[in-house]
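Per the working numbering, residue 639 is the first one in the sequence shown, and the count goes up by one each step.
Glycine is no exception: its CB is placed at the ideal position from the N, C-alpha and C atoms.
Input: a single structure, listed below in structure tokens.
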Amino acid sequence: MNRRRASNSTLKQSAWQTERANRLHRKFLSVDEAIARGQTFKQAVRHFQWFWRNRTYRSDHARKVHFGFGTLRRLWLQWRKGGRTPEALRLKYRGLPPSVPADVLCRFVEFCCCHQFRHMKFAWAEFTRRKGWIGRGRHGNAPVKVSYGQLQYYLTGKKFAKLQSAQHAITRAETHLDNLRVEYIAAIRARVPASPRRRTKLDLSQGSAAL
Numbered sequence: 639m640n641r642r643r644a645s646n647s648t649l650k651q652s653a654w655q656t657e658r659a660n661r662l663h664r665k666f667l668s669v670d671e672a673i674a675r676g677q678t679f680k681q682a683v684r685h686f687q688w689f690w691r692n693r694t695y696r697s698d699h700a701r702k703v704h705f706g707f708g709t710l711r712r713l714w715l716q717w718r719k720g721g722r723t724p725e726a727l728r729l730k731y732r733g734l735p736p737s738v739p740a741d742v743l744c745r746f747v748e749f750c751c752c753h754q755f756r757h758m759k760f761a762w763a764e765f766t767r768r769k770g771w772i773g774r775g776r777h778g779n780a781p782v783k784v785s786y787g788q789l790q791y792y793l794t795g796k797k798f799a800k801l802q803s804a805q806h807a808i809t810r811a812e813t814h815l816d817n818l819r820v821e822y823i824a825a826i827r828a829r830v831p832a833s834p835r836r837r838t839k840l841d842l843s844q845g846s847a848a849l
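Written as structure tokens, this is what we have:
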């Protein structure tokens, strides 16, 4: 069952990549013709960019196309350099980024639980400025390099927002607790004297007579 799902996922991924490469290849052929007629690249791709701005792939309706002007120009240059073939537009995935040490992530989570920041990027910048935030690397004394992008791969902004929300709730609860403590202590001191009054012989005799 798992193999069948993996196979279907691979076929679906290959289908939208093929559709993407073929569509761009056809468009870039017409772009070269338009440029030969005197148009600029921006004029040649304007309608194409507008048409696909919010559309999805026919082979994968859950995936948006994302053909921005900068992306089209970069792919056009890549297509021309690659021999003007669809294969030049195939996606080439790189390997996963270097792993982030677990101790660093755990210390950053603890850091976010003790401090408040508007954005995780500000928290990461403050965290990395402190000494001893990361250990030594595997080779020599070089420290392990961890970028903000690698951090987002393991700890998303949504999780950071949950940490900050919980911390705000704790701060509000502590403030409310302090206000109640001050209020109740003030009420007690207003009604009860600082030291109890000593009982006199008259009070003792009246108490024994009542019995």
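query	result
With distances taken from CA atoms, which of Arg718, Met758, Lys769, Phe686 is nearest Gln788?	Met758
Cutting at 7 Å between CB atoms, please list the residues of its own chain near Gln655, excluding the five before and the five after it.	Arg728, Leu729
Could you check whether Leu715 and Tyr792 sit closer than 9 Å to each other, using their CB atoms as the reference points?	no
Near Ala672, which residues of its chain fall below 6 Å by C-beta distance, leaving aside the five closest residues on each side in sequence?	Ala682
Excluding the five sequence neighbours on either side, which residues of its own chain have a C-beta within less than 7 Å of the C-beta of Tyr786, listed in chain order?	Lys759, Trp762
DSSP three-state label for Val794, please.	According to the sequence shown, residue 794 is Thr rather than Val. Coil, per DSSP.
How many Å lie between Lys769 and Glu748 at the Cα?	16 Å
Cα-Cα, which of Thr813, Ala659, Arg711, Leu801 is closest to Phe755?	Leu801
Under the three-state reduction of DSSP, which class applies to Thr678: helix, strand or coil?	coil
To which residues does DSSP link Thr694 through a beta bridge?	Lys702
Given Asn660, which residues of its chain have a CB within under 8 Å of its CB, disregarding the five upstream and five downstream residues?	Pro724
Roughly how many angstroms separate the alpha carbons of His753 and Arg819, rounded to a whole number?	25 Å
Got a sec? Which residues, its chain only, sit under 8 Å from His806 by beta carbon, not counting five neighbours each side?	Gln754
Is Val784 helix, strand or coil by DSSP?	coil
Determine the contact status of Lys680 and Phe707, defining contact as a CB-CB distance below 9 Å.	yes
State the start and end residues of the unbroken alpha helix (DSSP H) segment that holds Thr766.	758 to 767
Count the other CB atoms within 10 Å of the CB of Val784; is the residue buried (16 or more) or exposed (fewer)?	buried
Excluding five sequence neighbours on each side, which residues of the same chain lie with their C-beta closer than 6 Å to the C-beta of Phe686?	Lys665
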